[in-house]
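*Asks:* For reference, the structure I am asking about is given below.
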Amino acid sequence: MKKLKFLIFIVFLGGAAFLFWQWQEGQRQTDGLLILYGNVDIREVHLAFRQPGRLATMHYDEGDRVEKNTLLATLDDQPYVEALAVSQANVLLAQTELEKLQAGLRPQEVEQAQAQVQQVQAVALEAQRNHLRQQELVGTGVISQSVADTALAAHKEAQARLVAAQSALAQAQEGFRQEDIQAAQARFEVAKATEAQARTALADTRLLASSSGIILSRVREPGSMLASQSTVYVLSLEEPVYVRAYVHEPQLGRIAPGSTVAITHDTSSKVYRGQVGFISPRAEFTPKTVETTQLRTDLVYRLRIVVKDADQGLRQGMPVTIQVLDQEQAPGQAQQ
4 MKKLKFLIFI
14 VFLGGAAFLF
24 WQWQEGQRQT
34 DGLLILYGNV
44 DIREVHLAFR
54 QPGRLATMHY
64 DEGDRVEKNT
74 LLATLDDQPY
84 VEALAVSQAN
94 VLLAQTELEK
104 LQAGLRPQEV
114 EQAQAQVQQV
124 QAVALEAQRN
134 HLRQQELVGT
144 GVISQSVADT
154 ALAAHKEAQA
164 RLVAAQSALA
174 QAQEGFRQED
184 IQAAQARFEV
194 AKATEAQART
204 ALADTRLLAS
214 SSGIILSRVR
224 EPGSMLASQS
234 TVYVLSLEEP
244 VYVRAYVHEP
254 QLGRIAPGST
264 VAITHDTSSK
274 VYRGQVGFIS
284 PRAEFTPKTV
294 ETTQLRTDLV
304 YRLRIVVKDA
314 DQGLRQGMPV
324 TIQVLDQEQA
334 PGQAQQ
């Protein structure tokens, strides 16, 4: 009987020793792990038109998945079509004026200026002859000095008209001033820039998805009058998936950019693989959204973790637990 009791005591003592060894071994494995807490980043884009106007069509509802550059909504583009037509007409007008100045006067206009010079030359020659005759007659006393003075004035006037006609001919042969051509060139460039702005404004009446994602919110409805930059859709971005986590200052030396981590959450036993992409150089207090057993007044450093194998089970805003893995440890070996 005593031997049986002794054997039972030995077995009990051995079992207790084995359990204590197992607990110590597990404790040693757990003590070496770095466990962090965080949330899946909420990444949203507020999509809006750059131009004001009346909302004409909306093609998607909340929950719909869209690809990049998908047409989401349109504005009433009639005002912008008309503005583009006006700008195109202004470009044509400015181009015509520039080409006219660059080409100079027509040959017929040059010939007309030459004929005008010849006509004025004939008048000036006749005025000169009349002036000379009057000068001879005034010396003989046939005419008075006032008549001779009138002939002199007519001669000078004819000479001035000749100079003006010759200058007009020279200008017609030379063409327009270079400064006028440069000013016309500038007006043409302004007209083209205005046309480009009108084309851009017309293109901005179509709202395209900036990235692939899911329509999170449909803010407006067709018929609404919108100011520029008024949100129409809120788009939730699916890729890449980021996790925002925080590491306490004493543990900062145990993690570095490029470290591999295992990510888990409460609603599934699946373990996701991630990689630390960024560690903030600035310390901050633990955000209230992070569920951790540490004191909330502890200083922490923010991490951004890129999830490599994210799926629909990892939703934005979800709280997660992050386990930093050794280089040899695979994500599937993370402790639950």
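Per this note's numbering, numbering of the sequence shown is gapless, rising by one per residue and ending at 339.
Beta carbons: idealized from backbone N, C-alpha and C, even for Gly.
These numbers were taken from a predicted model, which means no experiment stands behind them.
1) Cα separation between residue 276 and residue 89?
2) Nearest by alpha-carbon distance to residue 59: which of 226, 278 and 282 is it?
3) May I ask you to report which of helix, strand or coil DSSP gives residue 93?
4) Look at the Cβ atom of residue 212, then the Cβ atom of residue 75, and state whether they are nearer than 8 Å.
5) If you reduce the DSSP assignment to three classes, tell me which class residue 45 lands in.
6) Going by CA-CA distance only, name the one from 259, 115, 116 and 160 that's closest to residue 134.
7) Report the option in 56, 41, 39 and 154 whose CA atom is closest to the CA atom of residue 207.
8) Exposed or buried, what is residue 99 when buried is set at 16 or more other beta-carbons lying within 10 Å of its beta-carbon?
9) Quick one: what's got a C-beta closer than 6 Å to residue 234's C-beta in the same chain, skipping five residues either side?
10) Per DSSP, residue 307 forms a beta bridge with which residues?
11) Using the rule of at least 16 other Cβ atoms within 10 Å of the residue's Cβ for burial, across every protein chain shown, is residue 143 buried or exposed?
12) Please report the Cβ distance between residue 187 and residue 95, rounded to the nearest whole angstrom; I am assuming they are in contact, meaning their Cβ atoms lie under 8 Å.
13) How is residue 143 classed by DSSP in three states: helix, strand or coil?
*Replies:* This is what the structure holds:
1) If you take the alpha carbons of residue 276 and residue 89, they lie about 58 Å apart.
2) Answer by Cα proximity: 226.
3) Helix at residue 93.
4) Yes, the pair counts as a contact, with Cβ atoms nearer than the cut-off.
5) When secondary structure is reduced to three states using DSSP, residue 45 falls in the coil class, being assigned neither helix nor strand.
6) Of the listed residues, the one whose Cα sits closest to residue 134 is 160.
7) Its Cα nearest to that of residue 207, the residue 56 stands out among 56, 41, 39 and 154.
8) Residue burial annotation: residue 99 is exposed, with fewer than 16 other C-beta atoms found within 10 angstroms of its C-beta.
9) If we look at residue 234 and ignore the five residues flanking it on each side, its Cβ neighbours are 49, 51 and 222.
10) Bridge partners of residue 307 according to DSSP: 247 and 281.
11) Looking at its Cβ environment, which holds fewer than 16 other Cβ atoms inside 10 Å, residue 143 is exposed.
12) Contact between residue 187 and residue 95 fails: their C-beta atoms lie close to 14 Å from each other, not under 8 Å.
13) Looking at residue 143 - three-state DSSP - the assignment turns out to be helix.
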